[in-house]
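J.: Numbers -16 to -1, 1 to 395, taken from mature numbering (1 follows the signal peptide of the UniProt record, and there is no 0), label the letters of the sequence shown in order. Using N, Cα and C, we set each Cβ at its ideal position, and we do this for glycine too. None of these values were measured; they are calculated from a predicted model. Below are the C-alpha cells for one structure; questions will follow.
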Amino acid sequence: MSRILAFAVTASLAFSEPYNTFDGPGHPTCNDVAGVYDPSTAANTSTPCDTMCSDDPSTIIIRTENVNQIANFSLEPSAEDGSVVIEAGVTFFQLADYLHQRNASIGYALVSWNITLAASVAMGAHRSSLRQDSMVASGALEVHIIDGSGNIRVVKRDENDDQWLAASTSLGLLGVIARMKFKIYLDFKVYADQKILAENDVLNGDIYGLIFPYATANFWCQQGFQSTFSVTKTEADTALGLLNAGANSSFFNSLAETTFFSLWSFPNFREKTNNLPLITCLVLKRIREAFDYELEVNGKQMTSTYRSGINIKFGKPYFDLLGQVTYGTADGADWSKGAMMFDFPTFRPTVGDGKRFNEPFYPMLATTLVNEFPCRPHWTKNIRGVFEQSKKNIDPDHLARFKVVKDDFDS
C-alpha cells in the first residue's frame, strides 16, 4: 500500500455554510459544511477528509473537477477491449471526447450527465438496460480510494472480494476516489428510436419483453411527459414564474404541462391519450392508484411537468453490497431479471414557503412504495427522507459486510 498523492488545496471556505447543487442558492445538497476545497495538482501530503454529506457541520467537501488527467490508454485494433486510467475529476463528456479521438468508447457503462465518472461509480449510477451491463461501476477495473489515514487503497475488480463489492457502490463512505482504471472498447455506433406505445400494451403487457431486446431503453409516462431541453434566459424566467404559480394551484401546473408540451414536436414528446387501468404490473398499478385517488377523491390533479417528467428505468442484475440492482438478498424477492427504477422529479418553488402543490402527496407516495414493495434506495436521485425509510429494505448481511470494509478504511 503506497502513500496517497493527495490533492493540493487551492481554495477553501472558512466558515460553515450551505453547499448548493447546480440549481444555486436555496437548493443545498449539504446544509452545513466547514469548507470546500478545489484541488488542482497532486502533492506529497496526506489529507484525510469527511464524506459528503453528513450531519456534522465540520464536514469538508473536496471538489475534484480540476483533477482531470487521462492517461495509460491501451487498446489494440484487434483487441476485444482495453483500458485507460482517469483521475477523480474526469467527467463522462471529457472521457468520451478523449476516447472518440482514439476510436474508442466505454461501451454501455456510461452516463450522459456532466458529472465525474468517479462520482457515478460511487453513487451506483447506471443507464437503463436489462440486456447490457450498464452500471457505470461495471466498467471499472480498479478503484483507487483515499482511506481515513490518507493512504491510497487500490481495489481491483474481484467479485469474490468484499473490498471490491463495497467499493463498487461505496457512496463515498470508504473515502474519496482518486482515480480509476476503466475498461474501454473499440468505438461503435448506436441508433436511437422513440415509439409511441399504447398504455395498455405496456402496463398490461410484458414489460420485460419490451425492454430486454434493446441495448438501452426506458419508458417516459403520464402523468404527462416532458424531455429535458435547453431554453433561453427569457424562456426560463417565464417558465419559472409559471411553475412557481403552481405551488398552490393545479390549474397552473396543468397550464405549464400543456404549454411545455406545445413547444415540442414529434418525436421528442409523448402525451397520454387514454386512461386504461393497470392490471399486471403491481408497482405501476399502485402508483396509478395514488395519482387517481388524488384527482377523484381529493380533487387535486398531480402533474409531472417538472424537469424531465416521470421516467421508468431498468437495470440488469449486478452484484455488489449496496448497489441498486444487486440480488441474492434476504427479502426473498426475485431480482434475477433486474430492477425497475421509478423516477419522479419535481419542481420545488423558489417563492413562499418552498412547498410544492399538494406537498403531502410526495412523501405519501414514497412511503406507500417503500412499505408495500421491497423498494431499495435509488442513490443517485433522492432525498434523505426516502433514504431513511427505504434503508430497512437493504439486505442486513450486505450492510454488515460493507461496515467491516468501511471500518477498515476508516482506521
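Within its chain, find whatever has a CB closer than 7 Å to the CB of Asp185; leave out the 5 residues flanking it on each side and keep chain order.
T.: Here the set comprises nothing.
J.: Report the option in Ile378, Leu125 and Pro9 whose CA atom is closest to the CA atom of Glu143.
T.: Taking only the C-alpha atoms, the option nearest Glu143 is Leu125.
J.: Check each candidate in Tyr346, Gly19, Lys297 and Glu60 and name the one with the smallest Cα separation from Asp40.
T.: Of the candidates Tyr346, Gly19, Lys297 and Glu60, the one whose C-alpha sits nearest the C-alpha of Asp40 is Gly19.
J.: Please determine, among Ser133, Phe303 and Lys165, the residue with the shortest C-alpha to C-alpha distance to Asp117.
T.: Cα-wise, what sits closest to Asp117 is Phe303.
J.: May I have the straight-line CA-CA distance separating Asp145 from Thr218, to the nearest angstrom?
T.: Near 53 Å, if we compare the C-alpha coordinates of Thr218 and Asp145.
J.: When you compare the CB positions of Thr100 and Gly307, do they come within less than 8 Å of one another, or not?
T.: No, Cβ-Cβ distance for Thr100 and Gly307 is not below 8 Å.
J.: Could you check what DSSP says for Leu383 in three-state terms: helix, strand or coil?
T.: Three-state DSSP puts Leu383 in a helix.
J.: Ignoring anything shorter than 4 residues or poking outside the region 272 to 317, list the alpha helix (DSSP H) runs there in chain order.
T.: As far as the region 272 to 317 is concerned, it has no whole alpha helix (DSSP H) run of at least 4 residues.
J.: Relative to the C-alpha of Val51, which residue among Ala199, Ala162 and Ile367 is closest?
T.: The shortest Cα separation from Val51 among Ala199, Ala162 and Ile367 belongs to Ala162.
J.: Could you check what DSSP says for Asp34 in three-state terms: helix, strand or coil?
T.: Bear in mind that the predicted position of Asp34 carries a pLDDT of just 32, short of 50, making it too unreliable to give a figure here.
J.: For Phe203 and Ala350, I'd like the C-alpha separation in whole angstroms.
T.: Taking the straight line from one Cα to the other gives about 20 Å.
J.: Given this structure, state the Cα-to-Cα distance separating Glu273 from Glu280, to the nearest angstrom.
T.: Straight-line Cα distance between these residues: approximately 10 Å.
J.: Would a check of beta-carbon distances place Ser238 closer than 8 Å to chain B?
T.: The chain inventory of the structure shown lacks chain B, comprising one protein chain alone.
J.: Quick one, which of Val68, Asn342 and Gly91 has its alpha-carbon nearest Asn232's?
T.: Of the candidates Val68, Asn342 and Gly91, the one whose C-alpha sits nearest the C-alpha of Asn232 is Asn342.
J.: Mapping DSSP to helix, strand and coil, what is His128?
T.: Residue state, collapsed to three classes: strand.
J.: In angstroms, rounded to a whole number, what distance separates the CA positions of Ile378 and Pro347?
T.: One C-alpha to the other measures close to 19 Å.
J.: So, does the region 355 to 371 touch the region 102 to 117, judging by three or more C-beta pairs under 8 Å?
T.: Short answer: they touch.
J.: In angstroms, rounded to a whole number, what distance separates the CA positions of Ser104 and Ala240?
T.: If I take the Cα positions, the gap works out to 32 Å.
J.: For a test of the three-state rule: what should DSSP assign to Arg111, helix, strand or coil?
T.: The answer is coil: DSSP assigns Arg111 none of H, G, I, E or B.
J.: Apply the 10 Å Cβ neighbour rule to Val322 and answer buried if 16 or more other Cβ atoms are within range, or exposed otherwise.
T.: Residue identity differs from the one stated: residue 322 is Gly in this sequence, not Val. With 16 or more Cβ atoms within 10 Å of its Cβ, Gly322 is classed as buried.
J.: Just how far apart, CA to CA, sit Asp171 and His128?
T.: Looking at the two C-alpha atoms, the distance is approximately 26 Å.
J.: Could you spell out where the beta strand (DSSP E) holding Glu71 opens and where it closes?
T.: First-last of the beta strand (DSSP E) with Glu71: Gly66 to Glu71.
J.: Return helix, strand or coil for residue 396, following the three-state DSSP convention.
T.: Residue 396 lies beyond the residue range present for the chain, which begins at -16 and ends at 395; the question has no answer from this structure.
J.: To the nearest angstrom, how far is it from the Cα of Phe345 to the Cα of Val354?
T.: Straight-line Cα distance between these residues: approximately 14 Å.
J.: Going by beta-carbon coordinates alone, are Asp131 and Phe393 separated by less than 8 Å?
T.: Contact flag set, yes.
J.: Roughly how many angstroms separate the alpha carbons of Lys269 and Phe275, rounded to a whole number?
T.: Each residue's alpha carbon lies about 10 Å from the other.
J.: On a Cα-Cα basis, can you pick out the residue from Arg47, Ser42, Phe196 and Ser89 that is closest to Glu64?
T.: Considering only alpha carbons, the answer is Ser89.
J.: I need the straight-line Cα distance from Ala121 to Lys387, nearest angstrom please.
T.: One C-alpha to the other measures close to 20 Å.
J.: Thinking C-alpha only, which one of Asp221, Thr243, Leu226 and Lys284 is nearest Ser234?
T.: Considering only alpha carbons, the answer is Lys284.
J.: Give the range of the alpha helix (DSSP H) segment to which Ala350 is assigned.
T.: Segment Phe345 to Glu356, the alpha helix (DSSP H) holding Ala350.
J.: Which residues does DSSP pair with Gly189 in a beta bridge?
T.: DSSP output for Gly189 lists no bridge partner at all.
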